[in-house]
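Residues in the sequence shown are numbered from 834 upward in steps of one, following this note's numbering.
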Amino acid sequence: MKKILFLCMALVLFAVPRADAAPKWQEVADRIAQMVDQAVSVYETGDYEGARDLVNTSYYGIYEKEGLESVMRSSVSAKETSLTEYQFYKVKKSMKNGESVDTVKQEAEKLKSMVNDNVKALENAHGSSGWAAFLPAYLILLREGLEAILVLVAIIAYLKRAQDEKHLGTVYNFSIAAVVASFISAYLFNTLLNNTTGGMSREVLEGATALFAVVVLLLTSAWLGGKANKDNWKQYIDGLVKESITHGTARALGMAAFLAVYREGAEVILFYQALFNNAAADVTMIWAGFGAGCVTLALIFYGMQHGILKIPLRPFFLFTSILMFLLAVTFVGGGIEELQEGGVIGITRFEGWPTVDLLGIFPTAETLGAQLLVLLLGVGMVIYAKRRKPKAA
């Protein structure tokens, strides 16, 4: 548990408040509106590319960088946040397609209205008390940390069950390396790159990392599922004790931990930086929310780890295999969504469909299609394993 608390603390120490920046959410909304209006004016001159660049800056450099997107998603409504993000996309799409000025203005006005609605929703949800700083700090850490905790729990429980705890250090070292890599990435995105380039690069990197993690999680899921097909559980464990887990396998498990932590790490740091910048006098409540989030994650980690270890051996392997697979489905949805935000993949939205951010479910054909492919791949893996079983027996 000490390791988990250390990882949580390390993730946010980088996000120290800046005394020279303390805008409120309405000020953020006003800045977005000004830049969107400027984009429309530029569009009227015929500079379509310049207009789109300004909309990109209003999204990546203000809506996302200043933390309005993350606070809305974590503490108010993931669905409303996704709708607002989609409206940014619609404004850019109308400009790219060379729509009439009236059409572009209509989409821009709708966007400004939705951003203002975001701010009102935040005010209604949090009011002006310290809870307005506490709740986002708590919920952001909880939401972003939970997926990483689930991966770590499954890996650590497996190593303990296999009586090969000497490789736990490898997993923890990879996790700490992910925190260091998160610091570096956050610095690059926040300091060296400009608002638009940095935001787009961050989304693309997060999306690519998530998709790479999907591959690792699927391989790990298949590997753990294969262990559940052993006929002699005691003999298998005895073999692990004698031969131990290979260094290659340990590194593969460590890489899964690295990707799980890194995928969330830089994002958490940048989210907290935005919270501190918007905190004014509520910095203490942000730290309180952070502390409560760390304690909650540590309790979840402790409870799940000890609960999993009490599961009989065959169900244990099946459970951890299924957990890894479900996380792969979640990661692929989130990864595609990040690439959509980065402008790499288009958006075909299903109006009225729900958004379940925690499960990586977003109402677009691209995200749902990718998740369906992973589900079909999982079914194929199970069928293949069952057909191989009689031959191996």
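Idealized CB from N, CA, C, for every residue including glycine.
In this text, all values refer to a predicted model and were calculated from it rather than measured experimentally.
Check                                                                                                                                                                                         : Outcome
Is there contact between the region 1115 to 1123 and the region 906 to 914, where contact requires at least three CB pairs shorter than 8 angstroms?                                          : no
Which residues in the same chain have their Cβ closer than 7 angstroms to the Cβ of Ala1055, if we skip the five residues on either side of it in sequence?                                   : Met1214
Could you name the residues that DSSP lists as bridge partners for Thr1299?                                                                                                                   : Nothing can be reported for residue 1299: it is not among the residues displayed for the chain, which extend from 834 to 1226.
I'd like the span of the alpha helix (DSSP H) that includes Phe1022, first residue to last.                                                                                                   : First-last for Phe1022: undefined, no H or E at that position.
Using a threshold of 8 angstroms, state whether the C-beta atoms of Ser1008 and Ala1090 are closer than that.                                                                                 : yes
Would you tell me roughly how many angstroms separate the C-alpha atoms of Leu1192 and Phe1158, rounded to the nearest one?                                                                   : 12 angstroms
If you pair each beta-carbon of the region 925 to 941 with each one of the region 972 to 992, do three or more pairs fall below 8 angstroms?                                                  : no
Within 10 angstroms of its Cβ, does Ile989 collect 16 or more other Cβ (buried), or is it exposed?                                                                                            : buried
Enumerate in chain order the residues of its own chain whose CB-to-CB distance from Thr1042 is below 8 angstroms, with the five nearest sequence positions on each side excluded.             : Leu1092, Tyr1095, Arg1096, Gly1168
Could you give the residue range of the alpha helix (DSSP H) that holds Asn930?                                                                                                               : Asn930 -> no alpha helix (DSSP H), and no H or E assigned at all.
Could you name the residues of the same chain whose beta carbon sits closer than 7 angstroms to that of Ala1083, not counting the 5 residues immediately before and after it, in chain order? : His1000, Thr1003
With respect to the alpha helix (DSSP H) encompassing Gln871, which residues constitute its N-terminal and C-terminal limits?                                                                 : 858 to 877
Inspect the beta-carbon positions of Phe1123 and Ala966 and report whether they are closer than 8 angstroms.                                                                                  : no
Which same chain residues, not among the five before or five after Val924, have their C-beta less than 6 angstroms away from its C-beta?                                                      : Val888, Glu940, Ala941, Leu944
Rounded to the nearest angstrom, what separates Ile1194 and Gly1166 at their Cα positions?                                                                                                    : 6 angstroms
Here's the rule I'm using: 16 or more other beta-carbon atoms within 10 Å means buried, otherwise exposed. How should Asn951 be labelled?                                                     : buried
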